[in-house]
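The next block holds one structure in the form of structure tokens; read it before the comments.
Chains as they are written, first to last, in this note's numbering: chain A, 27 to 522; chain B, 27 to 522.
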């Protein structure tokens, strides 16, 4: 079995280089002095070069070929070969100069996107967007793994996914979400958020966020939390997972739910079984599944009534001026306001999916239907009206709100999968432990974590997302679990 | 001139890898969760492997050969070739398995050194010390750059140095230091340290340490200070230099002088001229010169009367309970106590050199005179009595106090050079600016920094240490400047 060991070690070295790259990035966001950017950028480029040249090397091809000849391969070993082939294919099919041009355009594009957003002027961003669209189409043509160009791009981020698969799910989701939102909007007893928008002492917010993730079994022996402008999770090895949060003095959810969200990502990364640690299989099996874990912990757990039964008294003690006289129910309702809004990253649990569907439908047109870039702002606003019933006042609140199209297409849709996968997986956990949420009232989350470790986390990339969800639930991804969950949760909140 | 550019870029990539290694180390000391050691160790090993294989590659040899053929090379380019040859020689002359065995023995040795020190039992450490001595002798035989084995080892850490060179300096130093210490010891008016041994609030110590290095022109735009168990300086690029300090609640000098010491190292690293940044020449030219800068800022500046004329009132305001009623003179005297003691790292500015001379004389015997390891503890104690007039109560306070011999020989002596180089360089600065110390009274240190940047820092490794000191002072390293300085400083402190 030496051939397998060699392949394994080859990719373990590549993983170690990528962990080092993660440290370079984490440090840059958390610690690095402002004036040190140039040196760090060079180091980053060097690590990327080392990783890329190793993956696309003849050695990789050789190792895969040799390993494939072996008999009696285990499930894990077969997964190893599958993932190695995937990496090799991605690295060898794309010409180096295309990679370079995309990186250059993305970097220029991002700078100009910032300027455009600031000035609310789409024309500043337009030439870069146009160029990036052409480059990404070329990229998909070279890669050519899916039935269509857009499917090829979608598969990069959610392995096994296609446009057809996504459309089926998103079409079912779309109509139901619109129905629910309309119904909630017609309620005469809506919650309001003012309680969350008072001044909350930053140091106390930080302390509470640490208390919460300790209870959620975030392992501080192999992880830490810090502060950064945008919250993120970084894996510096299979036994070193770090999350960040941000603190807004006048909006409590930013820190608390940001922390729980990243903690969910981290619990996944902390849960790989020892056999696959630091290997090519030691990653979330897809962005959608990864996001399902952050959303599950953030929304299903963190925004639940049971969770706050335990935490609200502690918050009342910590922030007595803010919370005195408010009932737990008021607090719980306030963090579950549903309200169509322009900016995706600030959207609530229910409307969020429609923001993604908007981008998904436009991306299909952009990549496959030869849409003119000039038409995009108008199309954006039309879709927004159609899906959420509102029209952005300008492009900064519209098409210019996200930086993604300066670099990627096919990435956005994974954001919507999280809620769906999460609801379906949680539904299965409830079958095994119908009273699971009772745990939360006591500040206990170990049973849920054990379930997720057992069924999801330990496997890393061994099972592809479609196989994983089938193993767990016996069926393909089905948005009905999510729909059912939000109906059962939000109608009572809105007194419907 | 393409051949020079290629050589330059080859080593710049190597430097970038070593900066990445520094980040791995810095993060481990400052941030890394306790349980993450194994993953980090693997990453460290990988970076070291990449660096080593690049330096010893045929490509390096080829690039040096091609560059050497060029005409009209500048001083900087000649230095580049000289340093590249040095690296190549060190990497190619030592067999890989010897490197590996030294690393393994050092790691085991260090573990057992800790145990031995704890139990005050030399026999636990003895077999590893014996093995390491043999390995280091083998190492010197392979490297074979100096006139003798010990000279070869000395040259590793202080390029150009030999046993003969060191002995001449140390012999002159030894007798004079002993004379001064005896004289101080006979004073009837000695300072005492009790004022420094009160409880000093850690947070306030930290704040003051930051204030001080800001005034010393530590550039926080390309650097930072953090806390760690042992203070150190790390260069994460030529525009990212980080220092650490430690805070002892009941001993003020640990934090304050630790910070100034590391700041001195950092100012050196921050001062390389742009042309050589991130290149093979972007390092201190030797350990001795590097240490001269930390000592210069710590002792010549930080423990001077003028420095505290500015800072003492601020410290009085910060620590009113501790310092009320104490004069600046009392405070200044207390931080300049001279007292023979067993532990090197706690030794004062004057006795420190004798600790080093002790190790230097023993190292010569160990490497070249076939001394039996059994004899070492006794020899240590005899030397201690001879040089400092005291005998360690046990081996933990004697031969077991330092971990160095578990890995290195030839390194210790560089520690003593710092004071000597520092005094000689400062003496030159005074020739240019006789009233330099008046600046310190006003909290101004820019003139001194400018002098050091101009004469030392900007050049990195362009000049070898012996050339550098000659360029600055017109003569070789001469311990008399140091002797003169401490006589002029300490006799008044001791009212002699």
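Every residue, glycine too, gets a C-beta built ideally from N, C-alpha and C. These numbers come from a predicted model, not from an experiment.
Item	Value
Which same chain residues, not among the five before or five after residue 47 of chain B, have their C-beta less than 8 Å away from its C-beta?	70, 73, 74 and 77
Under a three-way DSSP split, which group does residue 253 of chain A fall into?	strand
Ends of the alpha helix (DSSP H) at residue 449 of chain B?	438 to 458
Give every residue of the same chain whose Cβ lies closer than 6 Å to the Cβ of residue 556 of chain A, excluding the five residues on either side of it in the sequence, and list them in chain order.	Given a span of 27 to 522 for chain A in the structure shown, any question on residue 556 of chain A remains unanswerable.
Can you have a look at residue 366 of chain B and say buried or exposed, based on whether 16 or more other CB atoms are within 10 angstroms of its CB?	buried
Mind pulling the chain A residues with CB within less than 8 Å of residue 45 of chain B?	65 and 69
Specify, as a first and last residue, the run of the beta strand (DSSP E) that residue 260 of chain B falls within.	259 to 263
Can you give the Cα-Cα distance for residue 430 of chain B and residue 438 of chain B, rounded to whole angstroms?	8 Å
Pull up the CB-CB distance for residue 512 of chain B and residue 176 of chain B, whole angstroms please, since I reckon it's below 8 Å.	Wrong, their Cβ atoms sit about 28 Å apart, outside the cutoff.
To which residues of the same chain is residue 418 of chain B closer than 7 Å at the C-beta, ignoring the five residues directly before and after it?	368, 407, 410 and 424
Beta carbon of residue 347 of chain B, beta carbon of residue 287 of chain B: below 9 Å?	no
Could you check whether the Cβ of residue 42 of chain A sits closer than 9 Å to any Cβ belonging to chain B?	yes
Could you tell me whether the Cβ of residue 428 of chain B comes closer than 9 Å to any Cβ of chain A?	no
Would you call the CB atoms of residue 335 of chain A and residue 234 of chain A closer than 9 Å?	no
Helix, strand or coil for residue 329 of chain A, going by three-state DSSP, please let me know.	coil
I'd like the ranges of any beta strand (DSSP E) spanning at least 3 consecutive residues and lying wholly in the stretch 130 to 208 of chain A.	none
Considering residue 270 of chain B, what are the terminal residues of the alpha helix (DSSP H) in which it resides?	That residue, residue 270 of chain B, is in no alpha helix (DSSP H); its beta strand (DSSP E) goes 266 to 271.
Which residue's Cα is closest to the Cα of residue 277 of chain B: B:257, B:254 and B:231?	B:231
Decide if residue 385 of chain A is buried, meaning its Cβ has at least 16 other Cβ atoms within 10 Å, or exposed.	buried
Exposed or buried, which one is residue 246 of chain A when buried takes at least 16 other CB atoms within 10 Å?	exposed
Any beta-carbon of chain B closer than 9 Å to the one on residue 246 of chain A?	yes
Name the chain B residues that come within less than 7 Å of residue 60 of chain A, Cβ to Cβ?	247
Mind pulling the chain B residues with CB within less than 8 Å of residue 304 of chain A?	65 and 68
Give me the Cα-Cα distance between residue 220 of chain A and residue 357 of chain A, rounded to the nearest whole angstrom.	10 Å
Looking at chain B, is there any beta carbon in it that lies within less than 9 Å of the beta carbon of residue 263 of chain A?	yes
Can you list the residues of chain A that residue 39 of chain B reaches, using a CB-CB cut of under 8 Å?	72
For a contact defined as C-beta to C-beta under 9 Å, what are the partners of residue 250 of chain A on chain B?	57, 58 and 59
In chain B, which residues lie with their C-beta within 7 Å of the C-beta of residue 33 of chain A?	Under the 7 Å cutoff, chain B gives no residues; its nearest Cβ is about 17 Å from residue 33 of chain A.
For residue 49 of chain B and chain A, any beta-carbon pair shorter than 9 Å?	yes
Please report the distance separating the alpha-carbon of residue 237 of chain A from that of residue 292 of chain A.	16 Å
Excluding the 5 residues preceding and the 5 following residue 444 of chain B in the sequence, name in chain order all residues of the same chain whose CB lies nearer than 7 Å to its CB.	314, 317, 318, 320 and 321
Considering only residues of the same chain and omitting the five flanking positions on each side of residue 399 of chain B, which have a CB-CB separation below 8 Å?	152, 155, 156 and 159
Is residue 241 of chain B helix, strand or coil when you go by DSSP?	helix
Comparing C-alpha positions only, which one of A:428, A:498, A:208 and A:259 sits nearest to residue 148 of chain A?	A:428
Beta-carbon separation of residue 66 of chain B and residue 53 of chain B under 9 Å?	yes
To the nearest angstrom, report how far apart residue 214 of chain B and residue 103 of chain B are at their CA atoms.	58 Å
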